[in-house]
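In this note's numbering, the protein residues as written are 563 to 1012.
Here is the structure we will look at.
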């Protein structure tokens, strides 16, 4: 048998590579179109509780959410006064029913504090955000009760919290700290919460315009140990009573701590996001600002709606794979993505506006997998899939990443497998690639010898 001609081999190699890649493709990768929805059965509907009573499949103004390391998705279902959990975040079907409810006795109830005059260890009122630590403990910002609750696994429907922050250890009070009465033990309006790699708990105390940190709270106490945005624990007020600066916040609303311990804060009334680099210290300065040209300006959409502007950002998250920063730019009806955020303050991609950085239309193009209406929270799972609380569309959206190594609509590639050499599909093609390289090398040598 005659050997296969080199030109034919090259054509065969290209064809095989194309077919293998096509077989593994998942539609258009890393675009800005959502791939799955919760709270609605389709992408084209947006009624609160699907136009009826609350159930395990409905949502009403969802806000913060968190994809944990166990593969679960937790959602603060704000207007239903409950927290819902889906046990498999990456594979839920559209409109899937939640597997767990906290704050209510069942999936059909939604009264604040279960209709009681006072809160209890198993009630919630207006939850704003959720986060899970490395031990699987769940923290809930129970905002309208002016407290943070901790729930420990194993979880069960309607279970009691085991720890409370902001209420002097009492599960039955809902006292709000006054501006002139702030301490390290009380809270004005806990809105956003976050966990750092050491399981320290952070809270953006919106009403008191400060971020507080509780060191290893599950094993110590509920007294804050660090404050950012204020000179001390007894001070409060937007921008420390003056104008914005690198060490001030005004109604901060969300936070995220990356693997290196850097703190990102959504500074809502200053229309910006701040980066505080590790190690953190009391009343420290931020090192970078997003959404404003400098630390002393705070107007909404400074210079016009663009890749550099923000209007009341309400959520922040870091992709554990790429390190990119995602911001829920709520009133601008969009999510912004920043690549290499520690050195770059210009967004590289926008969700909810059809890729246009200069518009902020509500449900641009109509309610669909491409639209957003007041996004209120963002989170990313361990694989880099993005989740968003699309508040006034009463739904949660999931945006799937591209398979490893596959080109994206931004012209880059998603992370390759651990081998790092050939990317997605490279391993099964390595024998063909090696043979092709040998043949091409031989042909090149022959050409040089002639």
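Virtual Cβ for every residue (Gly too), placed ideally from N, Cα, C.
Predicted model, so just to flag it, every value in this text is computed and none were measured.
Residue burial classification, residue i (beta-carbon count within 10 angstroms, cutoff 16)
| i | result |
| --- | --- |
| residue 824 | buried |
| residue 779 | buried |
| residue 685 | buried |
| residue 802 | buried |
| residue 749 | buried |
| residue 782 | exposed |
| residue 680 | exposed |
| residue 876 | buried |
| residue 708 | buried |
| residue 724 | exposed |
| residue 587 | The predicted position of residue 587 is uncertain, since its pLDDT is 35 and thus under 50; no value can be drawn from it. |
| residue 829 | buried |
| residue 822 | exposed |
| residue 760 | exposed |
| residue 650 | exposed |
| residue 653 | exposed |
| residue 804 | exposed |
| residue 632 | exposed |
DSSP-derived helix/strand/coil call for residue i
| i | result |
| --- | --- |
| residue 613 | helix |
| residue 941 | strand |
| residue 642 | helix |
| residue 553 | In the structure displayed, the chain extends from 563 to 1012; residue 553 sits before or after that span and is not available. |
| residue 699 | coil |
| residue 660 | coil |
| residue 748 | strand |
| residue 819 | strand |
| residue 741 | helix |
| residue 606 | coil |
| residue 995 | Low local confidence applies: a pLDDT of 44 at residue 995 is under 50, so the model's placement there is unreliable, and no value is given. |
| residue 629 | strand |
| residue 890 | strand |
| residue 828 | strand |
| residue 730 | coil |
| residue 598 | strand |
| residue 1017 | This structure gives no information on residue 1017, because the portion of the chain shown stretches from 563 to 1012. |
| residue 916 | coil |
| residue 677 | helix |
| residue 800 | helix |
Proximity winner among the options, relative to residue i (alpha-carbon distances)
| i | options | result |
| --- | --- | --- |
| residue 858 | 899, 831, 612 | 831 |
| residue 902 | 782, 887, 914, 788 | 887 |
| residue 785 | 763, 802, 799 | 763 |
| residue 933 | 957, 803, 946 | 957 |
| residue 675 | 909, 633, 747, 705 | 705 |
| residue 701 | 811, 687, 727 | 727 |
| residue 596 | 632, 948, 740, 804 | 948 |
| residue 742 | 878, 792, 885, 864 | 792 |
| residue 904 | 927, 944, 820 | 820 |
| residue 757 | 746, 691, 953, 720 | 691 |
| residue 941 | 687, 677, 602, 755 | 755 |
| residue 611 | 657, 915, 739 | 657 |
| residue 889 | 717, 837, 718 | 837 |
| residue 881 | 916, 961, 809, 839 | 961 |
| residue 954 | 860, 609, 731, 878 | 609 |
Opening and closing residue of the beta strand (DSSP E) in which residue i lies
| i | result |
| --- | --- |
| residue 689 | 689–694 |
| residue 638 | 635–639 |
| residue 899 | 896–900 |
| residue 877 | 877–880 |
| residue 913 | 911–913 |
| residue 709 | 709–713 |
| residue 837 | 834–838 |
| residue 790 | 788–790 |
| residue 621 | Premise fails: residue 621 is in no beta strand (DSSP E) and is neither H nor E. |
| residue 904 | That residue, residue 904, is in no beta strand (DSSP E); it is neither H nor E in DSSP. |
| residue 766 | 763–767 |
| residue 727 | 725–727 |
| residue 932 | Here residue 932 belongs to no beta strand (DSSP E), and DSSP marks it neither H nor E. |
| residue 780 | Run containing residue 780: none; DSSP gives neither H nor E here. |
| residue 850 | 850–852 |
Proximity test, residue i beta-carbon vs the ligand MN heavy atom, cut-off 6 angstroms
| i | result |
| --- | --- |
| residue 931 | Looking for the ligand MN in the displayed structure turns up nothing, as the structure carries no ligands at all. |
With three or more C-beta pairs closer than 8 angstroms as the rule, is the segment 641–659 touching the segment 760–772? no
Below 8 angstroms, can you find three or more Cβ-Cβ pairs linking the segment 857–872 to the segment 932–941? no
Does the segment 617–630 touch the segment 659–671, meaning 3 or more C-beta pairs lie closer than 8 angstroms? yes
Touch test, the segment 645–663 against the segment 713–720, Cβ-Cβ under 8 angstroms, three pairs minimum: yes
Does the segment 906–917 touch the segment 838–848, meaning 3 or more C-beta pairs lie closer than 8 angstroms? no
At least three beta-carbon pairs within less than 8 angstroms, the segment 888–897 to the segment 918–927: yes
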